[in-house]
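In the working numbering, the protein residues as written are 207 to 322.
All residues carry an ideal CB built from backbone N, CA and C; glycine is no exception.
Please read these numbers as outputs of a predicted model, since none were measured by experiment.
What follows is a set of notes on a single structure, which appears directly below.
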């Protein structure tokens with residue numbers, strides 16, 4: 207699993223003015239929120255949001271989008287609320303996280319409809 211420092215370094219390569227504090231907060235918050243959760247594979251649950259964030263660094267996306275990637279499963283899979291995300295990370299990131307959650311729900315509904 208990618209370490210916090212490695213993620214920041216990946217972003218810093220294309221954005222020397224990256225908001226390291228934001229990315230560090232998002233990394234730690236998501237990691238703690240997911241705690242001991244495991245994926246079906248047995249891997250720590252946090253490995254998925256971290257992989258998504260890494261892909262977005264390959265696309266050279268902005269700090270807010272990468273923070274949202276780290277946080278994108280917290281509203282859906284932990285007790286975290288949108289209000290908490292807004293308070294800690296700001297409403298722009300809260301909006302991104304909530305949007306990703308809604309997209310995942312639409313995808314699930316679409317898959318279920320195809321199977322019916």
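- Using the C-alpha atoms, what's the distance from residue 258 back to residue 271? 10 Å
- Start and end residues, alpha helix (DSSP H) containing residue 240: 226-240
- Message: Can you find the residues in the same chain that come closer than 8 Å, C-beta to C-beta, to residue 266, ignoring five residues on each side of it along the sequence?
- Response: 220 and 221
- Could you give the residue range of the alpha helix (DSSP H) that holds residue 262? 253-264
- For residue 211, count neighbouring Cβ atoms within 10 angstroms of its own Cβ and tell me buried if that reaches 16, exposed if not. exposed
- Sorted by chain position, which residues of the same chain lie with C-beta nearer than 7 Å to residue 300's C-beta, five sequence neighbours on each side aside? 288, 291 and 292
- With a 10 Å radius around its C-beta and 16 neighbouring C-beta atoms as the bar for buried, classify residue 216 as buried or exposed. buried
- Query: So residue 277 and residue 235 are in contact, right, with Cβ under 8 Å, and what is the actual spacing, rounded?
  - Reply: 7 Å
- Query: Where does residue 255 land, buried or exposed, given buried means 16+ other C-beta within 10 angstroms?
  - Reply: buried
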